Amino acid sequence: MWELRSASFWRAIFAEFFATLFYVFFGLGASLRWTPGPLHVLQVALAFGLALATLVQAVGHISGAHVNPAVTFAFLVGSQMSLLRAICYMVAQLLGAVAGAAVLYSVTPPAVRGNLALNTLHPGVSVGQATIVEIFLTLQFVLCIFATYDERRNGRLGSVALAVGFSLTLGHLFGMYYTGAGMNPARSFAPAILTRNFTNHWVYWVGPIIGGGLGSLLYDFLLFPRLKSVSERLSILKGARPSESNGQPEATAEPVELKTQAL
71 MWELRSASFW RAIFAEFFAT LFYVFFGLGA SLRWTPGPLH VLQVALAFGL
121 ALATLVQAVG HISGAHVNPA VTFAFLVGSQ MSLLRAICYM VAQLLGAVAG
171 AAVLYSVTPP AVRGNLALNT LHPGVSVGQA TIVEIFLTLQ FVLCIFATYD
221 ERRNGRLGSV ALAVGFSLTL GHLFGMYYTG AGMNPARSFA PAILTRNFTN
271 HWVYWVGPII GGGLGSLLYD FLLFPRLKSV SERLSILKGA RPSESNGQPE
321 ATAEPVELKT QAL
């Protein structure tokens, strides 16, 4: 429980709340229909992607800029953060998402609000198909995050923030036609709770959580394995306090700090 007494821990929690608030505010705001006609998928995809890229650049070095419970779950599965930190991150993300959606709701004319960009299944897409789509969308997203955040790489290529943002944009360009491209349970939860519409809402939790977990396992255990013993992984999950041993730092529950290049 040493993390609860750490100022950096609480800064990271606030960063996740703050970042998710802005992510949802700008992402959902760009998804509203101000004029008649079809929704511009490219506009929505770029809005979510650029919003995340901006936030990775802004708070990536503070909290890792997860901004997504599925991403946090992926880091937990990969034993890269403590269980306590993961739970606090997820709570902060959900609260931040609801706050962002509430602010958007309050500043948007009633005629434009609609369902507040609620994620819905496209007619003809079954819940099974939708879940598989959400799994694949989140899987590629988490793989990109793990690869770009990986401190073991001998030099990161290009901008970490843009790489993550483009990965999210890719998911939206495809997923908008199937499920509205959830990829983030917090993003899906916020409009659902404000509009009190939870039809097929479980799809936007199960799909991303499974996709995030699979992405973590695929990268950390198959593509680029992390050589950690079971005891080291358990130590991280329990939130062991960082200490020095034979000149080498022991396992720590601190998040990966990003050294992002400028946009």
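Residue numbers (this note's numbering): 71 to 333.
Just so you know, even glycine gets a beta-carbon here, dropped at the ideal spot from N, CA and C.
Remember, predicted model here, so these are calculated numbers, not experimental data.
request  = Name the two residues that bound the continuous alpha helix (DSSP H) containing A167.
outcome  = Run containing A167: L153 to V177, per the alpha helix (DSSP H) assignment.
task = Label Q113 either buried or exposed according to how many other C-beta atoms from any shown protein chain fall within 10 Å of its C-beta, with 16 as the threshold for buried.
result = exposed
CA-to-CA distance, L240 to V230, given in whole angstroms = 15 Å
ask   = What is the DSSP secondary structure of K298, counted as helix, strand or coil?
value = Correct three-state label for K298: coil.
task = Can you give me the Cβ contacts of Q331 inside the same chain, cut-off strictly under 6 Å, excluding the 5 residues immediately before and after it?
result = Residue placement at Q331 is flagged as unreliable, the pLDDT there being 44, under the threshold of 50; a coordinate-derived value is accordingly withheld.
task = Look at the alpha carbon of G119 and the alpha carbon of P108, and state the distance between them as a whole number of angstroms.
result = 20 Å
ask   = Hey, would you say A200 sits closer than 7 Å to V94, going by beta carbons?
value = no
inquiry  = Let me make sure I understand the geometry here. Which of T90, S76, T124 and N185 has the alpha-carbon closest to that of A233?
reply    = T124
task = Tell whether a beta-carbon distance below 7 Å holds between G245 and L207.
result = Less than 7 Å divides the Cβ of G245 from the Cβ of L207.
ask   = Near L153, which residues of its chain fall below 8 Å by C-beta distance, leaving aside the five closest residues on each side in sequence?
value = L146, L307, K308 and G309
task = Indicate the three-state DSSP secondary structure (helix, strand or coil) for W104 in the structure shown.
result = coil
task = Could you have a look at E204 and say whether DSSP puts it in helix, strand or coil?
result = helix
message = Once the 5 residues before and after E73 are set aside, which same chain residues still bring their CB inside 8 Å of it?
response = Within the same chain, and ignoring the five residues on either side of E73 in sequence, the residues whose Cβ sits closer than 8 Å to its Cβ are F79, S152, L154, R155, G309 and A323.
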